[in-house]
Amino acid sequence: MRMRVVSVSFILTCALLGALEPAVVAGQQPTYAVTVPVAKAAELATAKTYAWTPSQPSPDKTIDSQIMAAVDRELSALGLTKMTAGKSDLLATYASVQRTDVDLKSEGAKSGRGRKYAVGTLVVELRDATTRQPLFRARIDTPIDAARDKLDPVINAAVTAMFKKYPSTGAKR
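Sequential numbering of the sequence shown, starting at -16, is according to the numbering used here.
Okay, structure coming up:
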């Protein structure tokens, strides 16, 4: 069993994006998967363009670029065109944090020296550009067992898994 150790920035990130989950009850196993609390297929079906809007990006510029490139690739595969100027149909944003989970069944857990895992959380959101209402929000929590310089495939896999939950809009993937 693992217990979450949650940072203040994680709580603030989730609160800003409206994705804060109920507190984990002691003894509850965290879920390492994609969750999609918002997916409005009808509104997304009419969207043709998107633009990035500022949020709480990774402070690591390399990771920031990798996340944005992975999201751009998925949105392009859905038939959406990225706008760098002018009005778009959707606004894309993301937030990412890293936390440490502890395996409470591992040796030394009772003394505070249990096995620790780095876990990454990524939230990607697409909003209506006019109303700013969320149309798609996906979140993934996943253990990270790669060195910082080898995170690109981990990021790509996470973003791909998130967009597999994108509601069908008839676009070819």
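All C-beta atoms in this analysis are idealised placements derived from N, C-alpha and C, irrespective of residue type, glycine included.
In this text, all values refer to a predicted model and were calculated from it rather than measured experimentally.
Starting from the Cα of residue i, find the closest Cα among the options and give me that residue.
i	options	result
A213	Q39, P37, A75	Nothing about residue 213 can be read from this structure; the chain reaches only from -16 to 156.
K44	Y149, T32, L134	L134
V107	P40, A30, A24	P40
R157	D55, A24, T36	No information on residue 157 is available, as it lies outside the stretch -16 to 156 that the chain covers here.
A78	R120, K99, K93	R120
T104	L58, A28, A144, S94	A144
What did DSSP end up calling residue i once you bin it into helix, strand or coil?
i	result
T36	coil
K65	strand
A130	coil
S71	coil
P92	At residue 92 the sequence reads Ala, which differs from the Pro that was named. A92: helix per DSSP, three-state reduction.
T114	coil
P5	Note that P5 has pLDDT 35, beneath the 50 cutoff, so the model's placement of it is unreliable and no number is given.
Y77	strand
A121	strand
Where do the ends of the beta strand (DSSP E) carrying residue i lie?
i	result
E26	Run containing E26: none in the beta strand (DSSP E); it sits in the alpha helix (DSSP H), 24 to 28.
S59	Note, S59: premise wrong, no beta strand (DSSP E); alpha helix (DSSP H) at 44 to 60.
D111	99 to 111
If residue i sits next to residue j, beta carbons under 8 Å apart, how far is it from one beta carbon to the other, in whole angstroms?
i	j	result
K23	D72	That pair is no contact at about 13 Å.
V102	D84	5 Å
Y100	L63	The pair is not a contact, with the Cβ atoms about 34 Å apart (cut-off 8 Å).
Decide if residue i is buried, meaning its Cβ has at least 16 other Cβ atoms within 10 Å, or exposed.
i	result
P136	exposed
K147	exposed
P117	buried
If you follow the alpha helix (DSSP H) that residue i is part of, which residue opens it and which one closes it?
i	result
T143	135 to 146
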